[in-house]
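> Residue numbering for the sequence shown follows my numbering, beginning at 12 and increasing consecutively.
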Amino acid sequence: MPLFRRPDGELIKDVDPVRKMMPFVMRGRNESLIFQQTEWEVSRAREWLRKYNRTRGAAPRATLFHLLLHALARQFHERPGLNRFVAGGRLYQRKGVWISFAAKAEMTDEAPLLTIKMSFPRDESFPDCVARTVEAINERRSGSENRVDREVRFLAKLPVPLLRAVFAGGRWLERMNLLPNSIIEPDPMYTSLFLGNLGSIHISRAQHHLYEYGTASFFGVIGEVRNAVEADRKENVVVRQVLPIAWSFDERINDGFYCVESIALTERMIQDPETYFAL
């Protein structure tokens, strides 16, 4: 048993012996990394979004990215075995659902990459999710600094030996469950999922590592929607709109079957939003 409790997770006590050994056999997230490539048919989702936007008047316009955020948040609530992380060689259940993502301040080479971390309550409606996401992105793009920005700017001024000592101290506090919630809560690396929307800059089929820093056990890279020529069940040639997403996850948190079934739930939501999301 750990000496101290974590502010962001509850220790899972009834862990299978094999899974309990995994953090000692595979000590880091990238040593435990599993990749999965998916391609989801999104024709119905895009049509649903067009109908949705026509009825919303001056409300923020919803995109496929907003729909994916909303579906993933619901996935983590309905499949809590995916919302876990390993810290200090122990497995924890996260106390809430957070999703982090990055956005360019402007579509230029020189513009900085902004990170955003959002909490997602269980029963949030899709319109509320869209409004909060748009507000969070606009706030970051307005130039306002958050706490993480200020901390990073301060740390960047430190001499390299002192900076190494600061990070070594942080890793020790992490292992001892002594890292305060005031550091964990705003940090985008302490999250259920980090989502990269590379389709917005016309990049597809990119895969991403996990970070050893923080507690993110899941990373998703969204590609660009493309037309795929396929044969249907009657062997007729059809053109489908597909969204490629590359997933990276830490296999220590749960078995592959549970993870794949959880991703499949999100796919069903995206393919048939009218059934899953009441407006």
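Every residue gets a Cβ at the ideal spot worked out from N, C-alpha and C, and that includes glycine. Model, not experiment: these values are computed from the prediction.
So the beta strand (DSSP E) Glu21 belongs to, where does it begin and stop?
Segment Gly20 to Leu22, the beta strand (DSSP E) holding Glu21.
> Given this structure, state the Cα-to-Cα distance separating Gly39 from Lys245, to the nearest angstrom.
47 Å
> Under 8 Å: do the stretch 217-229 and the stretch 197-207 share three or more Cβ pairs, one atom per stretch?
yes
> So which of Trp183, Phe131, Thr126 and Gly100 has the shortest CA-CA distance to Lys106?
Phe131
> Could you give the C-beta distance for Phe112 and Ile127, rounded to a whole number, given that I count them as a contact under 8 Å?
6 Å
> Assign Ser228 to one of two classes, buried (16 or more other C-beta atoms within 10 Å of its C-beta) or exposed (fewer than that).
Counting Cβ neighbours within 10 Å, Ser228 comes out buried, since at least 16 surround it.
> By Cβ distance below 6 Å, which residues in the same chain neighbour Phe288 in space, the five residues on each side in sequence not counted?
Result list for Phe288: Phe137, in chain order.
> From the DSSP secondary-structure annotation, give me the bridge partner or partners of Gly231.
Leu206 and Trp258
> Taking Cβ to Cβ, would you say Ser54 is nearer than 8 Å to Glu262?
no
> Within 8 Å, do at least three Cβ pairs link the stretch 53-70 to the stretch 277-288?
Yes, they touch.
> Is it the case that the Cβ atoms of Phe46 and Thr226 are separated by a distance below 8 Å?
no
> Three or more beta-carbon pairs under 8 Å between the stretch 231-239 and the stretch 249-268, yes or no?
Enough Cβ pairs lie closer than 8 Å, so yes.
> For Tyr103, which of helix, strand or coil comes out of DSSP?
strand
> Give me the Cα-Cα distance between Asp198 and Asn192, rounded to the nearest whole angstrom.
10 Å
> Rounded to the nearest angstrom, what separates Ile194 and Asp19 at their Cα positions?
Ile194 and Asp19: Cα-Cα distance of roughly 11 Å.
> Which residues bound the beta strand (DSSP E) around Gln48?
Leu44 to Glu52
> Would you identify the three-state DSSP class for Gln6, choosing helix, strand or coil?
There is no way to answer for residue 6, as the model of the chain reaches only from 12 to 290.
> Whole-angstrom Cβ separation of Glu185 and Ala98, contact assumed at under 8 Å?
6 Å
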